[in-house]
Amino acid sequence: MHYTEEHEWLREEAGTIIVGITTHAAEQLGDVVFVELPEIGSAVTKGESIAVIESVKAASDIEAPLDGEIVAVNEVLVDKPEVVNSDPTGEGWFFKITPSDPTQLSGYMDKAAYLEFIK
Amino acid sequence: MTQTITPTSLSAKQTPLFDLHCELGAKMVTFAGYALPVQYSKGVLEEHRHTRAQAGLFDVSHMGQIKIEAESWTELAHSLEKLMPQDILGLREGSQRYGFLTTDAGGILDDVIVIRRGDTLWMVANASRKDIVAKHLRSHSESNIAVTELTDWALIALQGPASEAVLREFNQQVYELGFMESVALDLGGVAAWISRSGYTGEDGFELSLAATAADTIARALIAHDSVAPVGLGARDSLRLEAGLCLYGQDITEETTPIEANLSWVIPKCRRNGGERAGGFLGAEMILNQLDMGPSRRRVGLRPEGRAPMRSGVRLYANEHEDTAIGEITSGGFGQSVGRPIAMGYVNRDYAQPNTTVYGELRGRRQPVAVVRLPFVAAKYKRSN
Numbered sequence: 001m002h003y004t005e006e007h008e009w010l011r012e013e014a015g016t017i018i019v020g021i022t023t024h025a026a027e028q029l030g031d032v033v034f035v036e037l038p039e040i041g042s043a044v045t046k047g048e049s050i051a052v053i054e055s056v057k058a059a060s061d062i063e064a065p066l067d068g069e070i071v072a073v074n075e076v077l078v079d080k081p082e083v084v085n086s087d088p089t090g091e092g093w094f095f096k097i098t099p100s101d102p103t104q105l106s107g108y109m110d111k112a113a114y115l116e117f118i119k
Numbered sequence: 001m002t003q004t005i006t007p008t009s010l011s012a013k014q015t016p017l018f019d020l021h022c023e024l025g026a027k028m029v030t031f032a033g034y035a036l037p038v039q040y041s042k043g044v045l046e047e048h049r050h051t052r053a054q055a056g057l058f059d060v061s062h063m064g065q066i067k068i069e070a071e072s073w074t075e076l077a078h079s080l081e082k083l084m085p086q087d088i089l090g091l092r093e094g095s096q097r098y099g100f101l102t103t104d105a106g107g108i109l110d111d112v113i114v115i116r117r118g119d120t121l122w123m124v125a126n127a128s129r130k131d132i133v134a135k136h137l138r139s140h141s142e143s144n145i146a147v148t149e150l151t152d153w154a155l156i157a158l159q160g161p162a163s164e165a166v167l168r169e170f171n172q173q174v175y176e177l178g179f180m181e182s183v184a185l186d187l188g189g190v191a192a193w194i195s196r197s198g199y200t201g202e203d204g205f206e207l208s209l210a211a212t213a214a215d216t217i218a219r220a221l222i223a224h225d226s227v228a229p230v231g232l233g234a235r236d237s238l239r240l241e242a243g244l245c246l247y248g249q250d251i252t253e254e255t256t257p258i259e260a261n262l263s264w265v266i267p268k269c270r271r272n273g274g275e276r277a278g279g280f281l282g283a284e285m286i287l288n289q290l291d292m293g294p295s296r297r298r299v300g301l302r303p304e305g306r307a308p309m310r311s312g313v314r315l316y317a318n319e320h321e322d323t324a325i326g327e328i329t330s331g332g333f334g335q336s337v338g339r340p341i342a343m344g345y346v347n348r349d350y351a352q353p354n355t356t357v358y359g360e361l362r363g364r365r366q367p368v369a370v371v372r373l374p375f376v377a378a379k380y381k382r383s384n
């Protein structure tokens with residue numbers, strides 16, 4: 001698992017990267033009430049805002065952590081945004097990217113570094 | 001993920017319940033200069049639900065409690081009626097009223113609760129406005145009016161359908177209170193002013209008591225099975241569902257009471273043709289607007305879909321026109337209605353219920369229905 005400073009996690013699975021937000025981020029956000037997902041097939045650029053998450057407190061942007069193409073989105077979150085709170089690193093995933101440059105992954109933190117980062 | 005979470009500033013003032021909030025695991029934020037809980041461990045949605053289902057305890061000690069005294073009640077009431085378009089003279093012992101202080105230009109200086117206690121008037125002002133309110137009262141009153149800010153008093157609200165049953169375990173007499181009535185009672189050895197009122201649309205009570213007694217009472221109340229502590233997050237979603245205004249967002253010095261759809265708070269006796277018509281700051285402007293109708297009006301708004309529209313979202317007549325016809329002043333997710341809700345101002349031509357306007361969210365215009373307020377019907381307990 002890789003972690004970004006934007007509190008996203010990235011997990012490799014059969015050539016694609018699954019992206020979600022960390023448990024720490026979900027706790028900080030509070031109850032999530034709305035998620036807007038990117039379109040399947042869209043080409044995204046690292047750092048670009050491609051999804052929106054709204055909690056009872058505020059709206060936040062989710063950035064594309066890598067260049068690539070969105071190949072799947074978690075439609076469950078449209079009707080059940082609360083899954084982001086109950087299972088942020090599992091059922092609460094946001095989207096899957098096929099990266100065009102997998103070496104971008106190496107720039108991200110591992111778990112130990114992320115836990116240090118949020119201290 | 002980019003967002004800002006406001007941490008509690010070190011210079012923030014503390015309420016008498018500060019230690020209790022921390023013990024209960026509250027997430028603290030700075031609000032109007034005070035360190036206050038935005039939520040406890042259960043989270044905003046659960047706290048909201050709990051208040052509508054049972055009873056929520058809110059620390060509202062940051063609000064201003066101001067005592068106003070004069071030689072006689074008549075003198076006091078006449079003096080206040082120069083600053084407020086409400087019927088102060090007609091207040092009976094122990095009764096309280098919602099009202100507002102107006103500006104010269106007809107704007108709202110603050111929305112307040114006034115309570116008659118003997119021949120004195122107690123005023124509850126918004127935390128962000130209490131200094132301005134006290135200064136305003138002093139500078140506009142004759143020298144025989146005494147204005148005292150009760151800085152060593154706490155205010156605790158208990159809101160929700162179980163509130164009465166809970167408080168009756170402390171004192172049976174609370175049962176006798178009707179909505180907007182207030183009385184001095186002993187609560188397990190603590191002297192408190194109790195009023196049947198609140199900011200959630202639910203039946204409930206507000207307890208005004210010495211700061212030194214607040215912690216004891218709050219702990220005794222939350223020890224009850226039906227009572228959970230509730231933070232500012234749920235306080236905001238509850239009041240929004242109840243269609244109640246938040247000063248600084250929905251009403252300001254730039255909005256008049258008529259635009260704010262608060263005409264109902266101006267009684268007949270203070271309107272044109274009434275026995276004590278006008279005579280308050282901004283009266284000409286406000287009463288003229290009451291007769292002619294305002295050019296914009298505060299309305300309830302229901303965005304289509306699931307995306308919340310918050311304060312600052314601009315409203316348009318259709319999907320393409322450049323000129324906005326209004327703006328959202330409060331918005332979020334209405335837990336009890338299960339969808340996003342909002343309120344805001346729209347030009348008079350769009351203020352009728354069932355009108356469709358368009359809110360611009362992240363560059364896209366989405367339909368928003370103009371609806372009647374409140375979103376959740378009030379459950380106030382009228383007099384027995």
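Just so you know, the sequences run in chain order A and B. Just so we're aligned: 2 in the working numbering is position 2 of the first sequence, and the numbers increase by one with no gaps anywhere. Just so we're aligned: 93 in the working numbering is position 93 of the second sequence, and the numbers increase by one with no gaps anywhere. A virtual CB, placed ideally from N, CA and C, is assigned to each residue, including glycine.
Item: With 9 Å as the limit, tell me which residues of the segment 13-28 of chain B have their beta carbon closer than that to any beta carbon of chain A; keep them in chain order.; Value: K27
Item: Near B/D87, which residues of its chain fall below 7 Å by C-beta distance, leaving aside the five closest residues on each side in sequence?; Value: P267, C269 and R270
Item: Would the beta-carbon of B/N347 be found less than 7 Å away from any heavy atom of the ligand GTP?; Value: Within the structure as shown, the ligand GTP is missing, as the structure has no ligands at all.
Item: When the Cα atoms are used, what is the spatial distance from B/A242 to B/A277?; Value: 30 Å
Item: Measuring alpha carbon to alpha carbon, tell me which of B/G94, B/V112 and B/F179 ends up nearest B/D119.; Value: B/G94
Item: Is the CB of A/F117 under 8 Å away from at least one CB in chain B?; Value: no
Item: Using only CA atoms, which one of B/A146, B/V368 and B/V371 lies nearest to B/H79?; Value: His is not the amino acid found at residue 79 of chain B; the sequence shown has Ser there. Nearest C-alpha to B/S79: B/A146.
Item: Grab the span of the alpha helix (DSSP H) containing B/A53 for me, first residue to last.; Value: V44 to A53
Item: Closest Cβ-Cβ distance between A/V83 and chain B: below 8 Å?; Value: no
Item: Quick check on A/F34 - is its C-beta less than 8 Å from some C-beta in chain D?; Value: Among the chains of the structure shown, chain D does not appear; the protein chains present are A and B.
Item: At the 8 Å Cβ level, is B/S336 part of the contact set with chain A, yes or no?; Value: no
Item: When DSSP labels each residue in this structure, what does B/M292 get in the three-state scheme?; Value: helix
Item: Roughly how many whole angstroms lie between the Cα atoms of B/N288 and B/V370?; Value: 26 Å
Item: I'd like to know whether the C-beta of A/M1 is nearer than 8 Å to at least one C-beta of chain B.; Value: no
Item: Extract the residue ranges of the beta strand (DSSP E) inside the segment 241-323 of chain B, only unbroken runs of 3 or more that lie entirely within it.; Value: 296-303 and 314-316
Item: How big is the Cα-Cα spacing for A/T123 and B/E164?; Value: Since the first residue of chain A shown is 1 and the last is 119, residue 123 of chain A is not available in this structure.
Item: From B/A192 to B/E69, what distance separates their C-alpha atoms?; Value: 20 Å
Item: Can you name the start and end residues of the beta strand (DSSP E) that A/W9 belongs to?; Value: E8 to E13
Item: Return the first residue and the last residue of the beta strand (DSSP E) that B/D110 is part of.; Value: I108 to R117
Item: On the DSSP bridge list, what partners appear for B/A367?; Value: The amino acid occupying residue 367 of chain B in the given sequence is Pro; Ala does not appear at that position. B/Y358, per the DSSP bridge assignment.
Item: Along the segment 54-77 of chain A, where does the CB come closer than 9 Å to a CB of chain B? Name the residues.; Value: E54, S55, V56, K57, A58, A59, S60, D61, I62 and E63
Item: Touch check for the segment 140-159 of chain B and the segment 29-47 of chain B: three-plus C-beta pairs under 8 Å?; Value: no
Item: Taking DSSP's pairing of strands, which residues face B/R219 in a bridge?; Value: None, per the DSSP bridge assignment.
Item: Between the segment 30-44 of chain B and chain A, which residues of the former have a C-beta closer than 8 Å to a C-beta of the latter?; Value: V38, Q39, G43 and V44
Item: Could you give the DSSP three-state label for B/G233: helix, strand or coil?; Value: helix
Item: Work out the CA separation of B/G332 and B/V313 for me, nearest whole Å.; Value: 12 Å
Item: Mind the definition here: the segment 118-138 of chain B touches the segment 43-58 of chain B only if three or more C-beta pairs lie below 8 Å; say whether that holds.; Value: no
Item: Using a Cβ distance threshold of 8 Å, determine whether the segment 109-124 of chain B contacts the segment 247-267 of chain B, with at least three qualifying pairs required.; Value: yes
Item: Alpha carbon to alpha carbon, how far is B/E142 from B/W73?; Value: 14 Å
Item: Under 8 Å between C-beta atoms, does A/V44 make it to chain B?; Value: no
Item: From the beta carbon of A/G90, is the nearest beta carbon of chain B less than 8 Å away?; Value: no
Item: Can you tell me the Cα-Cα spacing of B/I258 and A/I50, whole angstroms?; Value: 42 Å
Item: Can you tell me whether B/T329 is buried or exposed? The criterion is at least 16 other CB atoms within 10 Å of its CB, across all chains shown.; Value: buried
Item: Would you verify that the beta carbon of B/R364 is, or is not, closer than 8 Å to some beta carbon of chain A?; Value: no
Item: Residue range of the alpha helix (DSSP H) that B/F18 falls in?; Value: F18 to E23
Item: Quick one: does B/P367 have its CB under 8 Å from some CB of chain A?; Value: no
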